[in-house]
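Read through the structure below, which is laid out as structure tokens, and then see the notes.
There are 2 protein chains.
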Amino acid sequence: MALQHKILLDESEMPTRWYNIIPDLPAPPPPPLHPGTREPVGPEDLAPLFPMALILQEVSSDSYIDIPDEVQDVYRLWRPSPLFRAHRLEKALGTPARIYYKYEGVSPAGSHKPNTAVPQVYYNAQEGVRKLTTETGAGQWGTALAFACSLFGLECEIWQVRASYDQKPYRKALIETFGATVHPSPSVLTESGRKVLAADSQSPGSLGIAISEAVEVAAQDPEIRYALGSVLNHVLLHQTIIGEEALLQLAKVGETPDLIVGCTGGGSNFAGLSFPFLREKMAGRMNPIIRAVEPAACPSLTKGVYAYDFGDTAGLTPLMKMHTLGHDFIPDPIHAGGLRYHGMAPLISHIYELGLIEAEAIHQTECFTAGVQFARSEGIVPAPEPTHALAATVRAALEAKETGEEKVILTALCGHGLLDMAAYDRYFSGDMVDHDYPRDRVQDALSRLPSVDG
Amino acid sequence: MALQHKILLDESEMPTRWYNIIPDLPAPPPPPLHPGTREPVGPEDLAPLFPMALILQEVSSDSYIDIPDEVQDVYRLWRPSPLFRAHRLEKALGTPARIYYKYEGVSPAGSHKPNTAVPQVYYNAQEGVRKLTTETGAGQWGTALAFACSLFGLECEIWQVRASYDQKPYRKALIETFGATVHPSPSVLTESGRKVLAADSQSPGSLGIAISEAVEVAAQDPEIRYALGSVLNHVLLHQTIIGEEALLQLAKVGETPDLIVGCTGGGSNFAGLSFPFLREKMAGRMNPIIRAVEPAACPSLTKGVYAYDFGDTAGLTPLMKMHTLGHDFIPDPIHAGGLRYHGMAPLISHIYELGLIEAEAIHQTECFTAGVQFARSEGIVPAPEPTHALAATVRAALEAKETGEEKVILTALCGHGLLDMAAYDRYFSGDMVDHDYPRDRVQDALSRLPSVDG
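These protein sequence lines map, in sequence, to chains A and B. Be aware that the first sequence starts at 83, since it is given in the numbering used here, and climbs by one per residue. Be aware that the second sequence starts at 83, since it is given in the numbering used here, and climbs by one per residue.
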């Protein structure tokens with residue numbers, strides 16, 4: 083009897099709505115606050131940066147939001163994405179667990195990021211925006227936005243953290259192939275950038291600085307807006323198509339997950355996979371454990387505090403109540419650049435506080451070991467970020483081997499690592515080091531949390 | 083009405099046999115000759131290098147050969163591969179043509195090469211071989227063989243042309259991720275390599291030198307054999323699963339191709355796509371034009387002679403009757419490293435001589451222009467090699483626009499370009515140059531063709 087590796091959906095089976103989890107939660111998430119007044123922000127506060135359609139999604143109380151036809155048409159270039167049964171990994175581990183992984187690396191950018199880049203660009207195009215600006219670290223988000231802009235005819239200007247810009251020339255070339263412009267950040271093109279360069283002409287940059295540059299340019303011109311690749315409610319919303327598809331795919335093979343694991347940086351991939359399953363869990367239709375996996379070097383959920391903080395280093399954004407290590411905490415340079423964010427999406431933080439999900443933190447060498455074992459059995463080289471989910475999957479599968487449980491594990495392989503091979507090179511060279519949670523630096527950063535009461 | 087982008091097959095619909103075109107041809111291809119005796123080679127001549135199962139496939143007169151279950155199981159990690167209708171490219175070109183592309187970049191190596199690497203390793207494993215050696219240029223073939231060896235527990239040692247080894251560090255890391263060892267060639271590990279290095283310690287290497295190194299190591303140990311990624315009949319045979327799937331997929335949407343185009347280096351991708359359609363054409367069931375596209379810098383079909391020549395630069399292989407530019411002709415350094423081969427598969431050469439297929443040659447900047455247009459409309463960045471097929475597709479689609487013909491064009495996108503972004507960077511920088519057919523150097527190389535008669 084032949085083993086089935088891939089569970090596919092036809093394009094006609096692709097979900098046509100995104101799922102908004104907020105109305106189903108037992109309590110609403112705390113609102114973002116204006117950085118000046120400390121009052122809840124209103125739509126008008128966000129209008130200079132985002133189109134109204136996205137602002138309304140950010141605060142929507144509808145459980146489902148229709149995916150526009152034009153967005154569905156682009157999604158179908160790669161969606162529905164495949165769900166794989168990892169028969170060969172199971173065999174390599176000798177586990178009775180059945181492991182399924184939802185693979186988002188089939189997208190044009192090689193990750194889940196186009197799921198939100200495409201609707202974000204679509205809504206901006208609908209409202210007559212000429213150009214979008216954004217920041218990118220590892221480059222996944224910048225690539226996704228460049229691709230989406232190329233489809234809808236928008237200009238796209240990207241500030242990429244200089245360290246990453248210099249280390250990953252292929253990302254720059256890929257972004258340019260999709261027609262966007264990319265600058266190393268800090269740059270001389272903005273006041274924020276020039277200020278940083280004046281203090282340190284060799285600055286390697288940071289996500290916080292790159293955000294400041296992109297926001298500064300967008301705020302100066304009504305035809306330009308800004309786009310964010312994670313953290314916000316509307317971004318998490320767009321990613322729920324991942325979990326909705328996975329639900330349909332598991333149902334096709336008659337499976338119900340016992341454990342769902344996803345890696346978390348800003349949180350959009352994890353939310354995208356898990357929120358539709360959490361809906362099913364809250365409705366009593368299944369009862370999976372849902373576990374977020376973060377890097378030990380940047381453990382916002384497991385070691386951060388739940389407090390109002392800024393989304394960026396410079397303190398320009400609204401205050402969001404979230405798990406944070408402090409807005410000016412700079413994580414050590416682990417290879418999973420997409421997980422090096424000081425905070426966690428407010429919505430995920432809230433759900434964690436409600437006790438609906440678990441979290442664990444893992445060191446990077448264990449993650450790369452799992453990534454290599456995965457590549458050698460399943461054939462796909464994972465990006466450094468999802469190796470965290472794979473390491474947690476391997477842990478759970480080996481526990482099941484101990485106990486003999488025929489557990490069903492679902493995870494998200496949110497991107498391939500073909501543009502991150504330098505990290506694997508480092509792993510094989512033996513030079514990769516683990517970074518422990520820097521308690522002192524975090525405590526220092528947390529001492530500068532903004533005050534909200536009073 | 084929603085546009086359908088992907089035509090998928092279930093794993094259960096995957097073809098279970100490879101197609102051998104030789105018995106269906108109006109005349110048999112000329113046999114390979116022993117380099118010493120100039121007599122046709124027998125199985126025993128090839129036994130030190132290849133397992134008997136592959137040698138028998140090389141000379142088989144069966145029309146179909148069953149794909150072993152173990153090979154099918156691995157194929158299903160990524161096969162059946164998707165067939166795409168390029169709606170967005172058609173719209174960008176404003177053509178009435180309907181363009182379909184069969185996408186092989188979904189494989190673990192990112193190209194069609196695993197289609198033959200997996201069965202080659204399987205048959206070697208069956209015959210107790212411990213290790214395989216091979217050469218690789220651009221790196222696609224080395225990656226595919228490394229992946230296949232990791233699945234069947236064989237060691238894998240690869241000699242990569244030094245220029246490519248130095249320019250493409252990601253390929254090396256990917257090969258190592260799959261557990262293989264890769265050396266720059268020329269190396270000090272072989273007599274062939276040491277000889278070259280003694281003459282020129284800075285030699286950039288060549289495919290011919292790398293072949294000599296891999297063959298030398300395999301020939302010295304009965305537990306080690308050699309594997310080749312193109313040119314030979316059994317390699318072309320394994321690739322026919324591409325065309326067999328495409329036939330089923332086009333039938334699902336009720337289409338018959340008017341034109342089939344594929345890029346040709348050694349010829350395995352082109353043969354894999356086109357041979358099953360050529361069977362249908364010879365049987366009178368359809369009548370597509372079938373066109374091979376080669377680089378203008380290395381035009382073996384359109385500018386070479388049809389003669390017996392060596393497969394490698396050093397003259398160690400059997401003599402094969404093929405279109406050749408001379409076995410010691412070194413093509414200019416175009417970016418499509420996979421198409422820089424002095425000869426063409428003997429079977430394709432024979433079929434070209436029979437008048438069953440056409441050929442054209444295209445310069446690389448036209449190819450990259452088509453590749454970028456493709457990426458910006460379809461979302462997939464093509465490898466430099468299939469940009470040749472895309473450039474020919476664009477030419478045909480624009481002709482159809484002139485004439486108003488609703489032509490159906492089928493092409494093979496045999497791999498993605500995510501590990502070749504440096505070539506795109508070069509294209510965008512404006513530094514890419516076109517290389518004309520070097521008539522003098524080819525005439526010089528052809529003056530050294532081996533003599534066969536007499």
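Where a beta carbon is used, it is the ideal one built from N, C-alpha and C, also for glycine.
**Message:** Please report the distance separating the alpha-carbon of A452 (chain A) from that of I462 (chain A).
**Reply:** 12 angstroms
**Prompt:** Among B:S312, B:K250, B:R158 and B:G420, which one has its Cα closest to the Cα of I430 (chain B)?
**Reply:** B:S312
**Message:** Can you pull the chain B neighbours of A457 (chain A), defined as C-beta to C-beta under 7 angstroms?
**Reply:** T259 and F260
**Bridge-paired residues (DSSP) for K213 (chain A)** = A:E237 and A:I306
**Asked** Going along the chain, which residues of its own chain have a beta-carbon closer than 6 angstroms to the beta-carbon of P466 (chain A), five neighbours each way excluded?
**Response** H417, A418, D502 and A505
**Request:** Assign G118 (chain B) to buried or exposed, taking buried as 16 or more other Cβ atoms, counted over all protein chains shown, within 10 Å of its Cβ.
**Result:** By the neighbour-count rule (16 or more Cβ atoms within 10 Å), G118 (chain B) is not buried but exposed.
**Asked** So with Cβ pairs under 8 angstroms, would you call G536 (chain A) a contact of chain B?
**Response** Unreliable placement is indicated for G536 (chain A), whose pLDDT of 43 sits below 50; no coordinate value is reported for it.
**Prompt:** In the structure shown, what three-state DSSP assignment does W223 (chain A) receive?
**Reply:** helix
**Message:** Quick check on DSSP: helix, strand or coil for T92 (chain B)?
**Reply:** A quick correction: the sequence has Asp, not Thr, at residue 92 (chain B). Coil at D92 (chain B), not helix or strand.
**Item:** Whole-Å CB distance - N102 (chain A) paired with Y146 (chain A), under 8 angstroms assumed
**Value:** 7 angstroms
**Request:** Label V534 (chain B) either buried or exposed according to how many other C-beta atoms from any shown protein chain fall within 10 Å of its C-beta, with 16 as the threshold for buried.
**Result:** exposed
**Cβ shell of L398 (chain A) (< 8 angstroms), same chain only, five flanking positions each side left out** = These residues qualify, in order along the chain: P117, I293, S294, V297 and F392.
**Request:** Using a cut-off of 7 angstroms between C-beta atoms, extract the partners of P190 (chain A) located in chain D.
**Result:** You won't find chain D in this structure, because its protein chains are A and B.
**Asked** V524 (chain B): buried (16+ other C-beta within 10 angstroms of its C-beta) or exposed?
**Response** buried
**Residues of its chain near L314 (chain A), where Cβ-Cβ distance is below 7 angstroms and the 5 sequence neighbours each way are ignored** = Within the same chain, L314 (chain A) has close Cβ partners E140.
**Message:** I'd like the list of long-range same chain contacts for A474 (chain A), defined as Cβ closer than 7 angstroms, with 5 residues on each side in sequence excluded.
**Reply:** Within the same chain, and ignoring the five residues on either side of A474 (chain A) in sequence, the residues whose Cβ sits closer than 7 angstroms to its Cβ are V343, R373, V375, E442 and I444.
**Prompt:** Are L165 (chain B) and I89 (chain B) closer than 8 angstroms when you measure CB to CB?
**Reply:** yes
**Message:** Assuming the contact rule is C-beta atoms closer than 8 angstroms, T177 (chain A) and K403 (chain A) should be a hit. Round their C-beta distance to whole Å, please.
**Reply:** Not a contact, Cβ separation roughly 39 angstroms.
**Message:** Please state whether the Cβ-Cβ distance between C345 (chain B) and L421 (chain B) is less than 8 angstroms.
**Reply:** yes
**Item:** 8 angstroms Cβ cutoff, V335 (chain B) in contact with chain A
**Value:** So no, V335 (chain B) is outside the interface.
**Item:** Delimiting residues of the beta strand (DSSP E) encompassing L401 (chain B)
**Value:** L401 to T406
**Request:** For Y252 (chain A), decide whether its Cβ has a neighbour in chain B, counting only Cβ atoms nearer than 8 angstroms.
**Result:** yes
**Of the listed residues A:Q242, A:Y182, A:L271 and A:D106, nearest to E258 (chain A) (C-alpha basis)** = A:Q242
**Request:** Taking A441 (chain A) as part of the beta strand (DSSP E), name the residues at either end of that continuous run.
**Result:** E440 to I444
**Request:** Check the C-beta distance from L438 (chain B) over to F456 (chain B) and give it rounded, since I have them as a contact under 8 angstroms.
**Result:** That belief does not hold up - the Cβ atoms of L438 (chain B) and F456 (chain B) are roughly 28 angstroms apart, past 8 angstroms.
**Prompt:** Would the beta-carbon of V264 (chain A) fall within 8 angstroms of that of K254 (chain A)?
**Reply:** In this structure, K254 (chain A) lies closer than 8 angstroms to V264 (chain A) by Cβ.
**Request:** Find the nearest neighbour of A396 (chain A) within the set A:G336, A:P532 and A:G497, judged by alpha-carbon distance.
**Result:** A:P532
**Message:** Within 8 angstroms of any Cβ in chain A, is that where the Cβ of V454 (chain B) sits?
**Reply:** yes
**Item:** R307 (chain B), buried or exposed, once every other Cβ within 10 Å from all chains shown has been counted against 16
**Value:** Burial check for R307 (chain B): the Cβ neighbour count within 10 Å reaches 16 or more, so the residue is buried.
**Request:** Go ahead and label S246 (chain B) buried or exposed: buried means 16 or more other beta carbons lie within 10 angstroms of its beta carbon, across all protein chains shown.
**Result:** S246 (chain B) should be labelled buried.
**Item:** Residues near T225 (chain A) by beta carbon distance below 6 angstroms, same chain, minus five either side
**Value:** A191, L256 and I257
**Request:** Step through the CB atoms of chain B and report whether any lies within less than 8 angstroms of the CB of L256 (chain A).
**Result:** yes
**Item:** Where L319 (chain A) falls, given that 16 or more other Cβ within 10 Å makes a residue buried
**Value:** buried
**Message:** Which runs of the alpha helix (DSSP H) at least 4 residues long sit entirely within the stretch 453 to 503 of chain A? Give them in chain order.
**Reply:** 466 to 485, all fully within the stretch 453 to 503 of chain A.
**Prompt:** Does any CB atom of chain A fall closer than 8 angstroms to the CB of L500 (chain B)?
**Reply:** Nearest CB-CB separation between L500 (chain B) and chain A: below the 8 angstroms threshold.
**N-terminal and C-terminal residue of the alpha helix (DSSP H) that Y182 (chain A) is part of** = Premise fails: Y182 (chain A) lies in the beta strand (DSSP E), R180 to Y185, not in any alpha helix (DSSP H).
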